[in-house]
Amino acid sequence: MRLDGRDTGHQTRRSDIATPHAPATDPVRVEVRGLTKSFGAVRAVSDLGFTVEPGTVTGFLGPNGAGKTTTLRMLLGLVRPDAGTATFNGTPYTSLREPVRTVGAVLETAFHPARSGRNHLRVYCRAAGLPVERADAVLTQVGLADAGRRRAGGYSLGMRQRLGLATALLGDPSVLVLDEPANGLDPEGIQWLRGFIRHLAHDQGRTVLVSSHLLSEVEQTVDRVVIVGAGRLVREASMEQLRSGAEGGGTVLVRSPEIARLAEVLRADGMTVSLDGDSLTAAGRTTAEIGARAFAAGVELHELRSRTSGLEEIYFQLTAGQEQYAAGATSPEASR
Amino acid sequence: MTHLIRAEWTKLFTTRVWLGLLLGACVMVIGFAVLLTSFAGNPESGIPAVGTPLYEELAMANAVNVNVLFLIVGIIGMTQEYRHRTATPTFLTTPRRGNVVIAKLLAYALAATLFALVVLVVNYAAVAVHAGVRGAAPALDADNLATLGRSGLALVIYAVIGVGLGALLRNQVGAIVGGLVYLFVIEPVIRSIPATSGAYKWMPGGALEALTATFEGPDLLEAWQGGALLLGYGLLAALLGTFLAVRRDIA
Chain A
1181 MRLDGRDTGH QTRRSDIATP HAPATDPVRV EVRGLTKSFG AVRAVSDLGF
1231 TVEPGTVTGF LGPNGAGKTT TLRMLLGLVR PDAGTATFNG TPYTSLREPV
1281 RTVGAVLETA FHPARSGRNH LRVYCRAAGL PVERADAVLT QVGLADAGRR
1331 RAGGYSLGMR QRLGLATALL GDPSVLVLDE PANGLDPEGI QWLRGFIRHL
1381 AHDQGRTVLV SSHLLSEVEQ TVDRVVIVGA GRLVREASME QLRSGAEGGG
1431 TVLVRSPEIA RLAEVLRADG MTVSLDGDSL TAAGRTTAEI GARAFAAGVE
1481 LHELRSRTSG LEEIYFQLTA GQEQYAAGAT SPEASR
Chain B
32 MTHLIRAEWT KLFTTRVWLG LLLGACVMVI GFAVLLTSFA GNPESGIPAV
82 GTPLYEELAM ANAVNVNVLF LIVGIIGMTQ EYRHRTATPT FLTTPRRGNV
132 VIAKLLAYAL AATLFALVVL VVNYAAVAVH AGVRGAAPAL DADNLATLGR
182 SGLALVIYAV IGVGLGALLR NQVGAIVGGL VYLFVIEPVI RSIPATSGAY
232 KWMPGGALEA LTATFEGPDL LEAWQGGALL LGYGLLAALL GTFLAVRRDI
282 A
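For the record, the sequence lines run as chains A and B. 1181 is the number of the first residue of the first sequence in my numbering; add one for each residue after it. 32 is the number of the first residue of the second sequence in my numbering; add one for each residue after it.
This is the structure in structure tokens:
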């Protein structure tokens, strides 16, 4: 069985988000305060604090090496912090009475390769005191029902991610913590995951914390972002706040038969301009501002468009400085 | 705790590792039984003749020779969590990690009891057939049953030691290789050197010999003392493992 947008309400419009109907679970707020962790001489996380509100999808963003995974593992009691706390409605993970019913987590694809996906899930049903029928229910929920009896070692990357997600959903938890869940998914899988995450949060009222090193990957899914760099909080904001800060942050591509003259006009206006044949790229202004300058100068335009997402640009600016030691001599791409 | 033990059983019986090790143990125990019986009464081998009480004691305790496979069952049971990184979902489901170790000790003791019964039956059958052909199949009298029982108990305790050792070392290959080197190199050396052989009765091998009461060899503890000491080693390893290794960060 496939879950697609039509029958599960994935295509909920943003205006509906504020009033989730029939929340399936109790609202749980996640609070992180002063979290600090060093591995040897390397300070992985420094005095990190943020809040994840119930019923929202919060993106946990930062370049690789920013301390995202360490933070999530401290949140879940797998790594012991040197200082600080991480709580679910005030209770640390390791003190939760029924952890699996409160929090579900997808950290890495971890299963015994010789065990079938279904048996893998049944193990954790037993351990958590859940009925073993939950294994079949979550397999169907993530679209793995047909592969459930096959050895998990033969699963594709996408199927492994789905099995991880199924494991997290066993206890029908109020909170979901997903560490880079889109890794290894094909475009169709990513599309499915986005809809699934929105459905879990907005239709079912769950709290979702999803990490990624790419803003563009989660941009359409998340309501809020927590951006970290070098183990510190860089920015905690709603997507609306981030977007309003991103106005004019991108670059603009312009094509014109009088491109040299336009470049002079824009440079005179204090813009940074780079010429390339009959087109130029200008930074620091919106398309509207550049269009107005061209109109005023009487320059004919053949194309005028925003070239990079302003949001992506601001994310890059927020995290670029933090990446120095993590990326070292290599480019940001190479460090992925 | 019951549901955690059942979870461990599900883990154990949903891969085929147990089947391979159990079949291996059965084949090994048949091989040892045939060897023992073939050389029984041969003056050069020093093994008493078929039909003597001493032969029967050796033959009934023969299952102890596959203790290494029971040790490996326990080691794999614990270390597979680290090898396949399932420690993450396991400790997410049960954040009190000590409970996972306790559940594994109990689950593997129970599973090993079943496996040990199979091995004992196979051992008795092999001995009865071969010794029967050579003149006298051992009767299932009280003495022989007691020896069989003690050798089965030794196998179960070795599985518990395996879990404890796995908890302490976490590395599957390291724990298995370490266990084999200890059993087949270090202990025999300690046993054979006069200066250290006095300590041997306090070591796992000496405790095992005491429990299964083989007739020759160095000074040993009483059978029950040997059993308790052996179990103590397993539980000590599990306790140290829980506090020194299992509680460490799962990064």
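We put the beta carbon where it would ideally sit given N, CA and C, even for glycine. Note that this is a predicted model, so its numbers are computed, not measured.
In the DSSP annotation of this structure, K1217/A is not part of any alpha helix (DSSP H); the continuous beta strand (DSSP E) holding it starts and ends at V1210 to F1219. Within chain B, no C-beta atom comes less than 9 Å from the C-beta of G1270/A; the nearest is roughly 16 Å away. The DSSP-derived three-state label of S69/B is helix. Around P120/B, the beta-carbon contacts reaching into chain A at under 7 Å are A1290, Y1304 and T1347.
Residues of the stretch 104-116 of chain B with a Cβ closer than 7 Å to any Cβ of chain A, in chain order: Q111, H115 and R116. At least one CB of chain B lies nearer than 7 Å to the CB of V1280/A. For I1407/A, the uninterrupted beta strand (DSSP E) run begins and ends at R1404 to G1409, by DSSP.
For E1483/A, the beta-bridge partners assigned by DSSP are R1435/A. Nearest to I1407/A by alpha-carbon distance, out of V1212/A, L1389/A, E1416/A and E1399/A, is E1416/A.
Interface residue (Cβ-Cβ distance to chain B less than 7 Å): A1317/A is not classified as such. Excluding sequence positions up to five before and after T119/B, its CB lies within less than 7 Å of the CB of I281, all in the same chain and listed in chain order. About 5 Å separates the beta carbon of R1213/A from that of T1265/A, a gap short enough to meet the 8 Å contact definition.
Secondary structure of G1264/A (DSSP, three-state): strand.
Along the stretch 1322-1355 of chain A, going in chain order, the ones with a CB nearer than 7 Å to a CB of chain B are T1347. Under the 8 Å Cβ criterion, the stretch 182-198 of chain B counts as touching the stretch 90-108 of chain B, having at least three qualifying pairs. Just measuring C-alpha positions, the residue of L1389/A, F1291/A and R1378/A sitting nearest T1347/A is F1291/A. With the rule of 3 Cβ pairs closer than 8 Å, the stretch 1263-1283 of chain A counts as touching the stretch 1352-1367 of chain A.
The beta carbon of L1345/A is closer than 6 Å to those of V1286 and V1322 in its chain, skipping five residues each way along the sequence. Counting the other Cβ atoms within 10 Å of the Cβ of F63/B gives 16 or more, which makes it buried. Look at the stretch 1214-1247 of chain A: the residues with a C-beta under 8 Å from a C-beta of chain B are F1219. In the three-state DSSP reduction, L1365/A falls in the coil class, being neither helix nor strand. Burial check for V1398/A: the Cβ neighbour count within 10 Å reaches 16 or more, so the residue is buried. Look at G1270/A here: in three-state DSSP terms it is coil, with no helix or strand label. Neighbourhood of T1274/A in chain B, by CB distance below 8 Å: P126 and R127, in chain order.
The beta strand (DSSP E) runs lying completely inside the stretch 1310-1395 of chain A and spanning 3 residues or more are 1355-1359 and 1387-1392, given in chain order.
Looking at V1210/A, A1221/A, T1452/A and E1360/A, the one whose alpha-carbon comes closest to that of G1338/A is E1360/A. For A138/B, the CB contacts under 6 Å within the same chain, skipping 5 residues up- and downstream, are I36, E39 and W40 in chain order. At a cut-off of 7 Å, the C-beta of A1463/A has no neighbouring C-beta in chain B. Remark: C-beta atoms of S1296/A and R1329/A approach each other more closely than 7 Å. Within 7 Å of the CB of K42/B, the CB atoms of chain A belong to V1303, in sequence order along the chain.
The shortest C-alpha to C-alpha distance from L1484/A to any of A1476/A, A1477/A and T1467/A is the one to T1467/A.
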